[in-house]
Amino acid sequence: MVLSPQDIGIILTYQCNSACKHCLYNCGPRWEREPMSKESLSAALDAVASWPQLPQVHLTGGEPFIHFDLLLHGVREAVSRGIACYVETSASWCVDDKETIERFRVLRQAGLQAVLISCSPFHAEAIPPVRTLRAIRAVMEVFEGRGLIVYQAEYLNLIQRHDVDRPMPLSHYEQEFGREEAGRGMELFRAAARDMHWGTWCPVIRQTPSRAQRVRTRFSTRIILTSIFTATTSPVFAAACLLAAGAIFRKSFPTFDPAAIHL
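The numbering used here runs 397 ahead of the 1-based position in the sequence shown.
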């Protein structure tokens with residue numbers, strides 16, 4: 398029996414406008430490396446397309462919107478191969494309503510099916526929450542209420558409890574909830590999860606698995622593909638590494654009640 402991956406992450410760059418403390422890849426503005434070349438990206442997508450059952454692909458980083466031309470190239474190349482794709486972003490670049498909407502519109506016209514927006518106190522420490530909310534509104538408008546994934550949506554209420562125009566240091570949550578509770582994250586989740594519901598607005602995400610499945614998928618896929626798509630330009634090697642990925646769980650993400658956005 399041949400086991401096929403169902404979600405493949407391709408890291409376009411390690412550059413990022415922020416440097417979140419929890420970042421698995423230590424991404425941030427310090428990175429000076431060039432992003433993945435268009436040729437390498439095309440070769441990676443060729444490797445993905447070699448599977449008998451095509452997985453979906455998410456284009457990620459770092460912050461992939463730093464290199465928008467490369468991101469747009471990736472979407473077009475994926476669509477030309479019949480690969481469903483979505484992009485993952487921190488929304489750090491969403492400083493203007495018009496530009497935010499226009500970029501999402503260009504990507505959707507190119508065939509992008511969904512946008513995953515990261516949302517957490519770690520992101521809010523460097524990124525004003527207003528940018529996260531702006532990105533959410535823009536995706537809702539451009540994709541007409543579909544194709545939106547908020548990860549982690551449980552935090553949407555939490556990051557709006559204070560001034561959304563300024564980043565919020567993590568020490569603030571310790572002051573508000575106490576060191577023990579903030580450290581465990583229990584109060585953070587309980588305070589933010591009210592009025593939230595589980596589900597999906599993204600047509601390429603097919604079911605809601607367990608938390609353990611989501612964690613295994615996120616870490617195993619991205620760790621494997623870090624070595625594949627940034628260490629080599631050989632599609633043969635990339636295909637061999639993809640075979641090693643084997644059984645990767647399908648992943649899904651929480652969504653939210655649009656009423657939770659107060660803008």
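For each residue, glycine too, the CB sits at the ideal point set by N, CA and C.
Option in Pro449, Ala441, Gln450 with minimal Cα separation from Leu456: As a first step, residue 456 must be located in the sequence shown, where it is residue number 59. The option with the nearest alpha carbon to Leu456 is Ala441.
Helix, strand or coil at Tyr552 according to DSSP, with G and I counted as helix: Looking up residue 552 in the sequence shown gives position 155. The answer is helix: DSSP assigns Tyr552 an H, G or I state.
CB of Ser461 within 8 angstroms of CB of Ala523, strictly: Against the sequence shown, residue 461 aligns to sequence position 64. Against the sequence shown, residue 523 aligns to sequence position 126. For the record, residue 461 in the displayed sequence is Pro; it is not Ser. Cβ atoms of Pro461 and Ala523: not closer than 8 angstroms.
Unbroken alpha helix (DSSP H) run spanning Glu474, endpoints: In the sequence shown, the residue the question calls residue 474 occupies position 77. First-last of the alpha helix (DSSP H) with Glu474: 465-477.
Bridge partners - Ser515, DSSP secondary structure assignment: Sequence index remark: in the sequence shown, residue 515 carries index 118 (1-based). According to DSSP, Ser515 shares a beta bridge with Tyr548.
At least three beta-carbon pairs within less than 8 angstroms, the stretch 475-484 to the stretch 442-454: Yes, since at least three Cβ pairs between the stretch 475-484 and the stretch 442-454 fall closer than 8 angstroms, the two stretches touch.
Limits of the unbroken beta strand (DSSP E) element including Val454: To locate residue 454, count along the sequence shown from 1; it is residue 57. Val454 -> beta strand (DSSP E) spans 453-457.
Heavy atom of the ligand NAP within 7 angstroms of Arg502 beta-carbon: Inclusion of the ligand NAP in the displayed structure is not the case, the ligand content being empty and no account of it being possible.
Where the alpha helix (DSSP H) containing Tyr422 begins and where it ends: Walking along the sequence shown from the start, residue 422 turns up at place 25. Tyr422 -> no alpha helix (DSSP H), and no H or E assigned at all.
Paired residues, beta bridge with Cys482 - DSSP: Taking the sequence shown and counting its residues from 1, the one referred to as residue 482 is at position 85. Paired residue(s): Val454.
Residue span of the beta strand (DSSP E) that contains Ile524, given as start and end: The residue given as residue 524 occupies position 127 in the sequence shown. Segment: none, Ile524 is in no beta strand (DSSP E) and carries neither H nor E.
Inter-stretch contact at 8 angstroms, needing at least 3 Cβ pairs: the stretch 427-436 / the stretch 483-492: Segments in contact, no.
Buried or exposed (CB count within 10 angstroms, at least 16 for buried), Gly406: Taking the first residue of the sequence shown as position 1, residue 406 is located at position 9. Buried, since its Cβ has 16 or more Cβ neighbours within 10 Å.
Rounded C-alpha distance that separates Arg500 from Gln510: Looking up residue 500 in the sequence shown gives position 103. Looking up residue 510 in the sequence shown gives position 113. Roughly 14 angstroms between the two C-alpha positions.
Separation of Ala416 from Gly458, as counted between CA atoms: Along the sequence shown, read from residue 1 onward, the residue named residue 458 stands at position 61. Along the sequence shown, read from residue 1 onward, the residue named residue 416 stands at position 19. Going by C-alpha positions, Gly458 is about 12 angstroms away from Ala416.
First through last residue of the alpha helix (DSSP H) which encompasses Asp443: Position 46 of the sequence shown, counted from the first residue, corresponds to residue 443. For Asp443, the uninterrupted alpha helix (DSSP H) run begins and ends at 435-446, by DSSP.
Euclidean distance between Cα positions of His661 and Arg427: Here the chain has residues from 398 to 660 only, and residue 661 is not among them.
Assigned secondary structure, Phe616 (DSSP; H/G/I helix, E/B strand, else coil): Counting from 1 along the sequence shown, the entry for residue 616 is found at position 219. The predicted position of Phe616 is uncertain, since its pLDDT is 44 and thus under 50; no value can be drawn from it.
Buried versus exposed call for Pro449 [16 or more other C-beta atoms within 10 Å across all chains shown]: On the sequence shown, residue 449 is found 52 positions in, with the first residue counted as 1. So Pro449 counts as exposed.
Proximity test, Cβ basis, 8 angstroms: Ala511 and chain D: Any reference to chain D falls outside this structure, which holds one protein chain only.
Rounded C-alpha distance that separates Val512 from Leu567: Locating residue 512 in the sequence shown gives position 115, counting from the first residue. Locating residue 567 in the sequence shown gives position 170, counting from the first residue. Put simply, the backbone Cα of Val512 is about 26 angstroms away from that of Leu567.
Opening and closing residue of the beta strand (DSSP E) in which Asp562 lies: What you label residue 562 is simply residue 165 of the sequence shown in a count that begins at 1. Here Asp562 belongs to no beta strand (DSSP E), and DSSP marks it neither H nor E.
Cβ neighbours of Cys424 in the same chain (closer than 6 angstroms, five flanking residues each side left out): Here the question's residue 424 lines up with position 27 in the sequence shown. These residues qualify, in order along the chain: Tyr411, Cys413, Gly459.
N-terminal and C-terminal residue of the beta strand (DSSP E) that Asp494 is part of: What you label residue 494 is simply residue 97 of the sequence shown in a count that begins at 1. Taken as a continuous stretch (DSSP letters only), Asp494 belongs to no beta strand (DSSP E), being part of the alpha helix (DSSP H) at 494-507.
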